[in-house]
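A short worksheet on the structure shown next.
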Amino acid sequence: MKKSLLLFSLLLAVYSVSPVQTLAQSMRDIKVQASKAPYTIIDYANDKASPTHVPLREALQNAAGRVAGTAVFEVEYINFTQAQRNAFQYAVDIWASLVESAVPIRIKVEMKGLGQGVLGQAGPTARYANFPNAQMINTFYVVAMAEKMAGMELNNPGDPEISMELNNEFSWYFGTDGQVPAGKFDFVSVVLHEIGHGLGFTDGMGRTSDGTGYYTVWGAPLVYDRHIETANQDNVVDTYQDGTAELGEVLVGGKGDLFFRSFTFPDSASRPHLYAPATWSGGSSIAHLDEATYPPGNPNSLMSPRFDYQESIHDPGLALNMLADMGWVAMDIDFPRILDSEDSTSDRTLVLTAVGDSAVINNGVVLHYTYSDFSNEVTVTLSPTGNANEYTGVIPATGQEERVKYYISVESQGGQVFTSPGEAPQFFWDFVMAKDTIAPEISHDSVSLVFMHDPVVPIAARVVENTGLNDLQLTYRVNGGATTTIAVPQIALDTSGIIVADYYLDWDVSGLGVSKGDVIEYKLSITDKSSAANSDTLPKSGYYAIAVDALNPVADYYKNDFNTTTDDFIGQGFGISTESGFADGAIHSNHPYRTTDGTSPDDTLTLYYILKTPIVLSDKDASLVFDEVVLIEPGVDGSVFGDDRFWDYAIVEASKDKGKTWLPVADGYDSREQQVWLDRWESDMDADGNSLATGDNSLFVSKEINLTANGNFAPNDTVLVRFRIYADQLAHGWGWAIDNLRIQVDEKPPVIRHITPDYLL
């Protein structure tokens, strides 16, 4: 099955995400990863009273005793009274005094009904791996922690880092003194707990109904998971294979209790004891401290899984140290990476800054480099430059063609050693002093359609290079005619690893004299600045083709059985045909919808088919009805649309800006939508998890969608409708068939109402 990631890169991509590496690896092969699927940790109420209060330690109330401080929290309140806000802010202020970040930490919190027994739930809105200063590579960190370590925003500006819901159906105590009356739960304690989850007290472990365990929910383990070990001191991620029954047994205590080992807890006696009940509790198991070890009144009980009536704890206890060891105590090691060059006679000077939550010791900044491997490394203690927190050193040239591997280590007064890159020398920076024979590499999502009403083609590309770049060129022709070449502007340049250049052009094709039915072909090319003028072109041969089309007149309804030829649709990966096993014409995706596995997690595929007739949505019956067969890779049992383990999907979307942006009219779905589809999908599988089963007429099921039900669209909106398949890089199958499409077609017969007289005059 797939390891689904929403990926973006600052460095050249590599697609192995295993944290256990057998060979040393250059950071030029490592890619920043992001996962933004929602994930929450659930916290429960106990139906018993424990009148206890643990105040914030005096040492933490004193600034000198804090781990660091401070951070700025920004809270978006939904359905909160003033008393609730005051108590929430009190909890926020405690955390703000205990952690430090240059990036604001935003919380979105709502008071709402959550069902019986659930006090609240919270979690990070995103996770990132391989960002600047990450101390574990190919490992996810929650967004707030990642931003603290990187020293910059990673998610979209204004987006929350923590999402939280609190149950408004409980009897809460909103005071801040910890003296909770009988029959009430302490609001401050629960909020402190939920914020703790959002700051990184969050696991990525999972266990399916058949007992299979996994730790790569998002394609790689979380930093929390990398610290978990058994009673026998076996690190869970390093010892047990992902996606196995043996790992599933470990997660429910089958190999003994589970513990957290880190810098602050280096031995078996000090390890925090994790919650791993014999019955798996998704969203609760592993992501808490053990309830029996840390009962109400224990100074370390804040992050246990349940709260009792009258239980109050306003101190994070050892959870604060766990968070510190995961990343809330960090070191920002910042320097421009040394780039490849054909010059092998000039020394390379390195200048860096090192600023941490704990000060750097004297002679604590060290450059490690080698011309072979790190068993033969040379170490250089970097010298202060006289500027604040700045250090410098030299890697001498040899006059020979060389590949130089290097990393930086920084020791803090707190005793921790931080490296750049993380986990050095297993991972390292490198540069080459030699004749450049490496071509630049263009990546680009091709454009296949432009409408006459909006004749602007967005051309976005990224180029990865090791020395230097000339302009990115776009060469085009219309209907096979003469070619013209224009430059695509560079909009961003990153030289922190290798050279990564971003290019963008809003290409207005209205001046090309095109009309509906024309085809614009284009290709991209670039050369580097080496003596060999290495080059790359996309596509590797020929051109990309852009179809020029126009919308149909606006309509109030649409109906089509696809038994005759129609020009009403356009897209890629779909067509109208009569396929084997079907009685007549229908919309069919490519069968199979993907023919080969992708080479990377971001090698995804999108197929779409747009109805070119805009529809004015009715205020009475904004219905979309069609018959369909969906043989699309099912997600993991229990996964829902939006989860990372919800693999491929079919989805119906609409646009109210003539196709510029699209929103779902209903959630995406897969073969699990109908048991008959899932049975057919599973009836013929190959060794790689691909389905070889095919669809036919007997599998058609009718589907009806209210186009305004989910709130993305409203009556009187004029919308385009499209059908879309998203496919990840791995398992795939037959695809999607759609027939008998009716949009806002009233097919309900009238009802005759008549009162028969019961007398005659």
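The numbering used here puts the first residue of the sequence shown at -18, with every later residue one more than the last. Note that the Cβ used here is the ideal one computed from N, Cα and C, for glycine as well.
Counting only the same chain and skipping the five closest in sequence on each side, list residues whose C-beta sits under 6 Å from that of residue i.
i: L586; result: R575 and A708
i: A564; result: N678
i: Q655; result: V682
i: W309; result: V80
i: R723; result: K540 and V606
i: T508; result: N451, A514 and S516
So, with DSSP's three-state summary, where would you put residue i?
i: A163; result: coil
i: W153; result: strand
i: N460; result: coil
i: H295; result: coil
i: R723; result: strand
i: E560; result: coil
i: L331; result: strand
i: Y372; result: strand
i: Y122; result: strand
i: A77; result: helix
i: N541; result: strand
i: N357; result: helix
i: L659; result: helix
i: P4; result: Note that residue 4 is Leu in the sequence shown, not Pro. Coil, per DSSP.
i: I176; result: helix
i: K29; result: strand
Work out the CA separation of residue j and residue i for me, nearest whole Å.
i: A311; j: N370; result: 15 Å
i: R38; j: N67; result: 21 Å
i: G554; j: N571; result: 5 Å
i: N752; j: L605; result: Outside the shown range of the chain (-18 to 742) lies residue 752, about which nothing can therefore be said.
i: L100; j: W153; result: 10 Å
i: L363; j: D417; result: 30 Å
i: S190; j: D618; result: 8 Å
i: S327; j: S516; result: 26 Å
i: D542; j: A695; result: 27 Å
i: T476; j: L320; result: 8 Å
i: I591; j: K641; result: 12 Å
i: L299; j: I88; result: 23 Å
i: G132; j: E502; result: 43 Å
i: S561; j: V459; result: 36 Å
i: K745; j: P615; result: The displayed coordinates of the chain run from -18 to 742. Any statement about residue 745 would go beyond what the structure contains.
i: T220; j: A226; result: 13 Å
Give me the residue from the options with the minimum Cα distance to residue i.
i: S679; options: V657, E663 and T456; result: V657
i: L4; options: T689, V702, E404 and E422; result: E404
i: G380; options: A335, S353, D324 and D215; result: D324
i: D483; options: V444, D206 and S364; result: V444
i: A647; options: Q160, G692 and T360; result: G692
i: K236; options: S249, N213 and D219; result: N213
i: N697; options: W628, W643, L598 and T642; result: L598
i: H743; options: L474, Y352, P595 and S82; result: The requested residue 743 is not part of the displayed model; the chain covers only -18 to 742.
i: T547; options: N533, D537, E560 and Y538; result: N533
i: K601; options: P573, D727, R287 and P297; result: D727
i: F704; options: G556, D720 and E634; result: E634
i: R661; options: D651, T211 and A668; result: D651
i: A718; options: A567, I143, S620 and Q222; result: A567
Would a C-beta distance cut-off of 8 Å place residue i and residue j closer than the cut-off?
i: G94; j: N60; result: no
i: Y350; j: I376; result: yes
i: V169; j: L147; result: no
i: M117; j: V204; result: yes
i: L301; j: F316; result: no
i: M92; j: F409; result: no
i: S672; j: L588; result: no
i: F241; j: L255; result: yes
i: G751; j: P36; result: Examination of residue 751 is not possible in this model, given that the chain is present from -18 through 742 alone.
i: T466; j: L453; result: no
i: P258; j: V233; result: yes
Residues in its own chain within less than 8 Å of residue i by CB, not counting five upstream and five downstream?
i: K29; result: D289 and Y290
i: V535; result: T594, P595, I596, V597 and T699
i: Y122; result: R108, Y109, A110, F112, A115, M130, G181, L203, V204, M307 and G308
Take residue i and list the residues in its own chain whose beta-carbon comes closer than 7 Å to its own, dropping the five residues that flank it on each side.
i: G224; result: T193 and Y195
i: L519; result: I423, H425, K504 and L505
i: A528; result: S429, L430, V500 and I551
i: A340; result: S393 and Q394
i: L(-9); result: Because the pLDDT at L(-9) is just 31, under 50, the model does not fix this residue reliably, and the value given afterwards should be weighed accordingly. V13, D475, S477, G478 and V481, listed in sequence order.
i: F244; result: D306 and Q397
Given the structure, does residue i come close to the ligand MG, in the sense that its CB is under 7 Å from one of the ligand's heavy atoms?
i: V217; result: Absence of the ligand MG is noted for the structure shown, with no ligands found whatsoever.
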